[in-house]
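Data block below; observations after.
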Amino acid sequence: MDERSSPLTDPITGYGLLAGFSVFFLVDGRDLAFGSVNQMGPGFFPTVLSALLLAMALGGIAVEVAARWRKRGLAARTAPRGEDEIWAIQWKPLIHVAVAIAAFALTVRSFGIVPAAVLSAFIAGLASGATPLRHLALLGLTIGAFVYAVFCVGLDLAVVPYRWPF
Amino acid sequence: MLNRRNFMIASVGTAMTMAGPVSLRAQAWTDQPVIFINPFSAGSSVDVVARLIADNMTARLGSPFRVQNRTGASGAIGVEAVKNAGADGLTFLVGSSGSMGINPSRLPDLPYDAREDFVPLSHVVSFPQAVCVTPAKGITTLEELIAMARERPGELRFGSSGTGSTAHLAMELLQARAGIEMIHVPYRGGSLAIQGLIAGEIDVATEGLPSLPGQIDAGEIVPIAVTSEARSPNYPQVRAIAETIEGFDTAAWILYFAPAGTDPAIVETLSAELVTSVNDAEVKARLEEIGAVVTGRDQAASAAFHAAELEKWAEAVELATR
Amino acid sequence: MDTLSALVGGFAIAFSVQNLQYCFIGVTLGTLIGVLPGIGSLAAVSMLLPITFYLEPTTALVMLAGVFYGAEYGGSIASILLRLPGTPSTAITCLDGHPMAKAGRAGVALFVTTVASFLGAAIGIVILMFFSPYLAAVARNFTSAEYFAIILLGLIGASTITNGSAFKALMMVVVGLLLGTVGTDLSSGAQRFTLGATTLYDGFGIVVVAMGLFGISEIIHSIRLSRSALTDQRIALRTMIPTRQDMREFPMPALRGAGIGAFIGALPGAGQTIAAFMSYAVEKKLSRRPEKFGTGAIEGITAPESSNNAASITAFIPTLTLGIPGSATMALILGALLIHGITPGPNLISNNPEMFWGLVASFWIGNIILVILNLPLINIWVRLIQLPYNYLYPGIIVLVCVGVFAVNLNVYDVVFVIFFGFAGYLLKVYGFEPAPVLLGFVLGPMLEENLRRALLVHRGDFWAIFERPISGTFMAMSALLLLWMVVSAVRSLRRGSRRT
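Protein chains in written order, with our numbering: chain A, 1 to 166; chain B, 167 to 488; chain C, 489 to 988.
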C-alpha cells in the first residue's frame with residue numbers, strides 16, 4: 001500500500017492544518033487591542049505571528065500545487081525528507097495512548113495515583129496488541145508498585161497514593 | 167534516606183527545642199492532617215510564612231498541620247480547591263493580597279467569590295514593599311521623586327513585577343494620590359524589575375523589602391519609601407509613604423481563610439491558634455528576619471481588614487485600567 | 489593566587505561530613521528527578537526547601553545546588569534512551585542521542601554526554617571562580633533591547649537545527665511563539681486564547697508541551713515496533729568506549745558548547761534550554777557535514793550537554809553576585825538564603841566568603857560524584873532499552889502522567905499532554921520536526937515582553953535597538969544569518985531546477 005496516496009497524509013493537508021491553527025489565533029485574537037508601536041497591545045504580537053504563519057502555510061500549499069502542476073512527484077524537492085518521511089497515521093496506538101492518559105487524568109483525583117497508574121498502564125499496553133493480558137496485568141501492578149515506591153515513599157510527593165471514593 | 171517526613175522529623179527534632187504540651191483545644195481536630203493550601207509555589211515568602219506557622223502548630227497542638235502548594239492560574243486553582251473542599255474543617259486557605267485582594271476585581275470569570283465563599287480567620291503578617299531609585303538619580307525622599315515627576319509629567323518610568331501585581335497597583339494609587347503621572351513598565355518578577363532599575367532602563371522600581379538588602383547595602387539602589395503604614399523595623403531610617411500621603415498603605419499581606427459554612431467553633435479556635443503561633447517568640451523572630459511585619463489580627467479585625475482591602479484594590483484596578 | 493587560596497578554604501568547608509553528605513543527597517536526587525520525565529529541578533528544589541530551614545545556610549545551598557546541576561546530568565539519559573526529555577533543557581539531546589541509541593550506540597552516547605557534562609560544568613566553575621565580577625558587570629547592563637536581540641538571534645538560529653527545510657522549521661518556531669502567547673499577557677493583564685478556561689491563565693506548562701511533543705508522540709509512532717526492543721544488538725561494556733573518530737569529534741564542540749552555555753547561563757532569565765539549543769545550532773552551522781545532524785552526530789549531543797551544564801553553574805553568577813535570580817528555580821535557591829538572613833547582592837562574596845567558596849568547592853565535588861555515579865549506571869540504563877518495547881512503553885506513559893501531574897497537581901495538565909502528544913504526532917506525520925516548537929514556546933514570551941518593553945522605554949523607536957552596541961551586534965548577526973539562509977535557499981532552488 002502506498003502510504004502517500006492517502007489524502008490524510010498528503011503534505012497539503014499538513015499545511016492546511018497549520019493554516020487552520022493560525023486562523024484560530026487570528027479569529028480568537030480579533031478582540032485583543034492592537035496598540036501602537038510605542039505601546040503595543042496584547043493583540044499585536046499574536047496577530048502578526050498568526051498572519052505570518054497563515055502566509056507561510058498558504059505559500060507551502062502554493063509551492064506544493066505548483067510542483068504537481070509542472071511535474072508529478074516533484075513535491076519531494078520542496079520538502080526534502082530524510083528521517084521524517086511521511087507515515088500513515090497509526091490510529092490504533094493513537095487512540096489507545098489518548099485513552100490511557102485520559103483514564104489517568106479521570107481517576108487520579110478520586111482513586112489516587114497508584115490505581116490511576118495501574119489502569120493507565122493496562123490500557124496503554126493494549127495498544128501494541130503484542131502483550132498477553134496476563135503479562136499486562138502483571139506489568140500494570142509492577143508499574144503501580146514502582147510509582148508508589150518512587151513518588152509516594154521516595155520523593156514523598158503531596159499526592160494521595162490510593163483511596164476509595166464511595 | 168530521601169523520605170522527607172523522616173528527614174524533617176530528624177532535623178526538626180534537633181532544631182526545635184521547644185515542643186509545647188498537647189493542647190486540649192487540639193481536640194477540635196483528630197489525627198487527620200489539617201491542610202493549609204497555598205496557591206503559590208514553595209519557597210516564596212508567602213510559603214515560608216505558611217510553613218513556619220504549620221510547623222509551630224504541629225509542635226504545639228500535637229496534630230499534624232501541613233502546607234500544600236496548589237499553583238497555577240494566578241492562584242485561582244488553589245483558592246478554588248479550598249472552596250471545593252467544603253466546610254470539612256480540615257482544609258484552609260493561605261490567602262494573599264494577590265489572590266484574595268486584587269484578583270477578584272482584576273480577573274474576569276474567577277471560579278470563586280472572595281467575599282461569599284470564604285470566612286477570614288486571621289490576618290497574620292504584612293510585607294512592606296520599598297520604592298527604590300538608583301543613586302544616580304540623586305534623590306533620597308518620596309517628596310523629591312514626586313517633585314521630579316511633576317516637573318516631567320509622563321516621562322519617568324516605574325517598573326513592577328507585572329501588570330496587576332501589588333507593586334504595580336501600589337504605584338497607581340500613589341500616582342492618583344500625589345497627582346503625578348509616570349509610565350508603567352512591567353517585568354516578569356520583581357527581581358528582574360530591580361535589574362532593569364540597575365541597568366538604567368527605568369527610574370523607579372517597587373519590590374518586596376525582603377529581597378532587597380543585598381543591593382541596598384552595596385549601594386546599587388536607594389530605598390526612598392516603604393508602602394506599609396508604618397516604617398519597616400529592618401529599615402527604620404526609610405520613611406513610610408503614609409508620612410507624606412496620609413493613610414497610604416499598600417503592603418502585601420497574608421490572611422488565612424476557611425471555606426464558607428465552616429463550623430464557627432472551628433473558625434474561632436483556628437483563628438486564635440494562628441494568632442498564638444505568629445506571636446510565638448521563635449516564629450516571630452524568623453518572620454521578622456525575612457522582612458515580614460507580624461500583625462496577628464483576630465477574626466473580627468481580620469474580616470474588617472479584608473473588606474477594606476477589597477475596596478482599596480478595586481479602586482487601584484480601576485485606576486490602572488482607566 | 490588569591491582565588492586559589494580562597495578555593496582551598498572552600499574545600500575545607502565543603503569536605504565537612506555534613507556538607508559532603510548533603511552534596512551527595514543533592515546530586516543523587518538531582519539525577520533521579522532529571523531522569524524522571526516531568527518533575528524537574530524546580531519541583532525538586534521546592535520540595536526540599538522546607539528541610540533547608542533547619543540546615544546551615546551553606547549546607548542548604550550545597551544541597552539545593554546539587555539538585556539543580558544534577559538534574560542536567562540525569563535529563564540526558566531519558567532523552568537518549570527513550571527520546572523523552574527528562575528536563576526541557578535536554579530536549580535537543582533527543583535529536584541525535586536517540587538515533588545513536590537506536591543504532592546500538594546508547595552506551596557511547598551516555599558515556600560521551602557524561603564526560604561532556606563534566607567538562608561543561610568544569611569550565612562553568614572555572615568561569616564562576618575567575619570571571620564572576622566581569623560577567624556580572626555585563627549582565628548587569630543588559631536591558632530589554634539586548635535581551636530582545638539575543639533572543640531573536642536564538643530563534644533564527646533555531647530554524648537551522650532540523651534537517652528538513654529551514655522554511656518548515658521557521659513555521660514550527662512561529663507555532664511555538666503562538667503557543668507561548670496563550671495565558672495572561674504580562675504587559676496588559678489581558679487573557680489571551682484561554683477560551684475562558686481558568687486553568688490556562690498561566691498558559692501551558694513547559695513540561696506539558698515538552699512531554700507531549702517529544703515523549704508521547706514518539707511512543708505513538710514506536711508502538712508499531714511492538715515486540716522488538718529499541719535496539720537488539722548485544723551491547724557489552726566496551727561499546728561504551730567511543731571510537732577514535734568520536735574522540736576526534738568530541739573536544740571542540742564540547743568546548744564551544746561550554747563557552748556558549750557559560751555566557752547564556754550568566755544572563756538572568758536566559759537559562760539552560762536556550763544555551764543547549766544555541767550550541768546545537770552553532771555546531772550544525774560550523775560542521776562540514778551538517779546533514780549527519782539528526783541521525784546520530786556526536787557533536788549533536790556533546791555540545792548541548794556541555795552547554796546546559798555550564799549554564800547551570802554560571803546561572804549562580806547573577807543570583808549570587810547581583811541578587812537577580814534568572815529562573816524560578818534560582819529564585820527558590822535565593823529564597824533559601826533569604827530565610828537564613830543572607831541576602832545575595834554585589835557584596836555577597838566579600839561578606840560571606842566561606843559560603844561562596846564552600847559552594848564553589850562543592851560544585852567540584854558534586855560534579856565528580858556525578859561522574860562516578862553515572863558511569864557504572866550506564867550499563868544498567870542500556871539494559872533497560874533492551875526490554876521489548878511493548879513492555880517498556882506503558883511504563884513511560886505512566887511516568888509522563890505522574891510527572892506532569894506532580895508538578896502542579898493539576899489534572900488538566902495531564903489532559904493537555906494528550907493534546908500535545910496528538911499535535912506532535914501529526915507534525916511528524918507531515919514531516920515537521922517539533923523541536924523548534926519547544927524553543928519558540930520557551931522564547932516567545934521573553935521575545936514579546938522584551939520587545940514591548942524596549943519599545944516602551946525607547947518611545948517606539950525600533951532603531952534604538954540597533955544603536956546600542958551589544959544589541960546592535962546581535963541584530964547584525966541575526967540579519968547576516970537571515971541573509972545567509974535566503975542565499976542558500978535560492979542556491980538550492982536553482983540547483984534543484986537545473987536537475988529537472
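Beta carbons: idealized from backbone N, C-alpha and C, even for Gly.
Scanning C:A625, C:S632, C:Y768 for the CA closest to the CA of C:P741 turns up C:Y768. Secondary structure within the stretch 547–610 of chain C: the alpha helix (DSSP H) runs of 4 or more consecutive residues, fully enclosed, are 581–590 (chain order). Within the model, the alpha-carbon separation for C:S564 versus C:K772 is close to 19 Å. For B:A424, there is no enclosing alpha helix (DSSP H); the residue is part of the beta strand (DSSP E) that begins and ends at 418–425.
Sixteen is the threshold: when 16 or more other Cβ atoms of the shown chains lie within 10 Å of the Cβ of C:S850, as they do, the residue is buried. DSSP, reduced to helix, strand and coil, places B:S288 within a strand of the structure shown. According to the DSSP assignment, B:V248 belongs to the alpha helix (DSSP H) that extends over 242–251.
Annotated three-state conformation of C:Q874 is coil, per DSSP. Ranked by Cα distance from B:A344, the options B:A333, B:L335, B:I312 are led by B:I312. For B:G355, the CB contacts under 6 Å within the same chain, skipping 5 residues up- and downstream, are S327 in chain order. A check of alpha carbon separations from C:L939 across A:G41, A:F21, A:V27 identifies A:G41 as the nearest.
Our two residues, C:G691 and C:F681, have alpha carbons roughly 9 Å apart in a direct line. From the beta-carbon of B:A365, the residues of chain C found nearer than 8 Å are R628, N629, F630, T631.
For C:L524, no CB of chain B lies under 7 Å from its own CB, so it is not counted at the interface with that chain.
The beta carbon of C:G671 sits closer than 7 Å to those of R680, T682, L688, Y689, D690, G691, all from its chain and outside the five residues before and after it, given in chain order. Fully enclosed alpha helix (DSSP H) runs of no fewer than 4 residues occupy 632–646, 654–668 of the stretch 612–697 of chain C, in order along the chain. Within the DSSP secondary-structure output, B:G325 pairs in a beta bridge with B:V351, B:A371. A contact is defined here as three or more CB-CB pairs under 8 Å, and the stretch 527–536 of chain C fails this definition with respect to the stretch 870–881 of chain C. In the DSSP assignment, B:L340 falls outside any beta strand (DSSP E) and within the unbroken alpha helix (DSSP H) covering 332–344.
If you check the CB distance, C:T802 and C:G645 do not come in under 7 Å. Annotation: the continuous alpha helix (DSSP H) that includes B:L436 extends over 430–445.
Secondary structure note for C:N796: its alpha helix (DSSP H) is the uninterrupted segment 787–802.
The C-alpha of C:G912 is placed about 23 Å away from the C-alpha of A:A117.
With contacts defined by Cβ atoms closer than 7 Å, C:F765 and C:I580 form a contacting pair.
Any Cβ of chain A closer than 7 Å to the Cβ of C:T669 would place that residue at the interface, and such an atom is present. Between C:V903 and C:G526 the beta-carbon gap is near 15 Å, outside 8 Å, which marks them as no contact. Not one beta carbon of chain B lies nearer than 7 Å to the beta carbon of C:Y877.
For the 7 Å CB-CB criterion, A:S128 and C:V886 do not form a contact. With the criterion set as a beta carbon lying under 8 Å from some beta carbon of chain B, the members of the stretch 679–702 of chain C are Q679, G684, T686, T687, L688, Y689, D690, in sequence order. Taken through DSSP and simplified to helix, strand or coil, C:R776 comes out as coil. Closest option to C:I857, judged by alpha-carbon separation, among C:M535, C:T602, C:K780, C:A589: C:T602. Only buried fits C:Y635, as 16 or more other CB atoms lie within 10 angstroms of its CB. Assignment of C:N867 by DSSP, reduced to helix, strand and coil, places it in the helix class. At least one CB of chain B lies nearer than 7 Å to the CB of C:L944.
In the DSSP secondary-structure assignment, A:M40 is bridged to A:G35. A contact is defined here as three or more CB-CB pairs under 8 Å, and the stretch 209–227 of chain B fails this definition with respect to the stretch 383–403 of chain B.
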